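Here the structure is laid out as C-alpha cells; the discussion comes afterwards.
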Amino acid sequence: MSYLFDREILVLDGAMGTQLMQKGLQAGHPSILWNVTHAADVIAVHTAYRDAGSHCLITNSFGGSRLMLQRHGLEDRMVDLNVAAVQNAKEAASGRCMVLGDIGPCGDFLDPLGDITEEQLYQDVKLQASIMKDAGVNGFIVETMADPGEMMVSVSAAKEFGLPVLASFTFEVSPRGFQTMMGTLPGIAAKAAIEAGADAVGANCGTSLDLNAYLEIGSLMKEKSGYHQVLLQPNAGAPIQDGDGYRYDMDPSQFAKWARLARAEGVTIFGGCCGTTPIHLAALAGNFAR
Ligand SMILES: [Zn+2]
0 MSYLFDREIL
10 VLDGAMGTQL
20 MQKGLQAGHP
30 SILWNVTHAA
40 DVIAVHTAYR
50 DAGSHCLITN
60 SFGGSRLMLQ
70 RHGLEDRMVD
80 LNVAAVQNAK
90 EAASGRCMVL
100 GDIGPCGDFL
110 DPLGDITEEQ
120 LYQDVKLQAS
130 IMKDAGVNGF
140 IVETMADPGE
150 MMVSVSAAKE
160 FGLPVLASFT
170 FEVSPRGFQT
180 MMGTLPGIAA
190 KAAIEAGADA
200 VGANCGTSLD
210 LNAYLEIGSL
220 MKEKSGYHQV
230 LLQPNAGAPI
240 QDGDGYRYDM
250 DPSQFAKWAR
260 LARAEGVTIF
270 GGCCGTTPIH
280 LAALAGNFAR
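Using numbering that gives the first Met the number 0, read the sequence shown as starting at 0 and increasing by one per residue.
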C-alpha cells in the first residue's frame, strides 16, 4: 500500500456537505445518514473528486461520533453509519486513491466549560476511529476544530491505530488576527496538534477567510510547526445568502493560482471546504502532477 506522505504534494478532495445539499440534503439533517439512505449520491460525489485528481478521498463521517449521533437519536447506528461512510469512499476510490476517515468536533465543550470529560472524548474518538480503521481507511483527518484541547485529545485517540493523522483547525478574522472560536492563534494551534502526535497540521473552512487569509495562516503554521507538513482546505469564498441557502462564487482558476502561491510558502497538502466542487478540485490538482 502506498503511504499517505509518499507524494511531494498531496491533493485531498473538496466539499461533501455542500455537494450533498445540491442533491437535496436539508440543512440540519445528519449527512452521515446519507451514507446509507443515499449511498449512490455520496459515492457520486466521491467519484467526481477521484476523477478530478484527488489523491485522497475523505469519508462522509463528519458528525459520526457517539455524541453527535446521540443528538439525532442515532447512537445505535454508530458502527453501520461509520462503516458505510468508509465503504462508500473506498468504492469510489476503487484502489486509485487513498481514503481518510473524517473526524469532526464533538459539538460540546470539554469540562469545565462543558459536560464532556477528556476521558469520555478520548474513548468516543477512539471508538469512531477503530470502526473506520477496521473498515479500511489509510489514515484520519481531525478537522474543523476550534479548541486545541479537544484537538489534542482527538489526535491522540486517533493515533492509537498507527495510521497517519492530519489535524485541521478553523480560524476566523478577529481584531487580534486570525484565531479559532476559542481564541487560539494559528501557531499555538499547530504546536498543540503536533505535541499530540499529528503528522500534518493546518486549517479548513472559516466563513470570514479569503484566500489571502489562507496564505497568511499557511505560512504562520508552517513557521511554527517546524518540519511538519501543512494542509489547507479553504471554502470557495465567503457564503452568499441565496434564498433559503447559500452559494459560493470563487472562480476555480483563482483557487488553482492560490494553491501555487501556497505551495511556494511551503504548504504541501491541499483540498477544499464548503462550496468547493469537483471543478475547483480539478483546477487545483491540475497544478500538481498526479
Ligand atoms: Zn467548510
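A virtual CB, placed ideally from N, CA and C, is assigned to each residue, including glycine. Since the model is a prediction, treat every value here as computed from it, not as a measurement.
Reduced DSSP secondary structure (H/G/I, E/B, other) of alanine 202: Taken through DSSP and simplified to helix, strand or coil, alanine 202 comes out as strand.
C-alpha distance - glycine 265 paired with proline 251, whole-angstrom precision: When the Cα atoms are used, glycine 265 and proline 251 turn out to be separated by approximately 21 Å.
Residue burial classification, tyrosine 48 (beta-carbon count within 10 angstroms, cutoff 16): By the neighbour-count rule (16 or more Cβ atoms within 10 Å), tyrosine 48 is buried.
Ranges of the beta strand (DSSP E) found wholly within the region 109-164, counting only runs of at least 3: Entirely contained in the region 109-164, the beta strand (DSSP E) runs reaching 3 residues are, in chain order, 138-144.
Tyrosine 245 to isoleucine 239 span [Cα, whole Å]: For tyrosine 245 and isoleucine 239, the distance between alpha carbons rounds to 5 Å.
Simplified DSSP assignment, three categories, for aspartate 79: If DSSP states are grouped into helix, strand and coil, aspartate 79 belongs with the helices.
Within 9 Å, strictly: CB atoms of valine 10 and glycine 217: Taking 9 Å as the Cβ cut-off, valine 10 and glycine 217 do not qualify as a contacting pair.
Supposed close pair leucine 210, proline 233 - CB separation, criterion 8 Å: Right, their Cβ atoms sit about 6 Å apart.
Length of the line joining the Cα atoms of glycine 52 and threonine 276: Each residue's alpha carbon lies about 12 Å from the other.
Reference glycine 161, options Ser173, Gly135, Arg175, Glu171, closest by Cα: When each option's Cα is compared against that of glycine 161, the closest is Gly135.
Cross-strand partners of glutamate 171 (DSSP beta bridge): For glutamate 171, DSSP records a beta bridge to Gln178.
Minimum C-alpha distance to glycine 106 - residue among Arg70, Ser60, Ala157, Val98: Minimum Cα distance to glycine 106 is reached at Arg70.
Cβ-heavy atom distance, aspartate 203 to ligand 1, below 8 Å: The question names aspartate, yet the displayed sequence has asparagine at residue 203. If you check the C-beta of asparagine 203 against ligand 1, you find a heavy atom less than 8 Å away.
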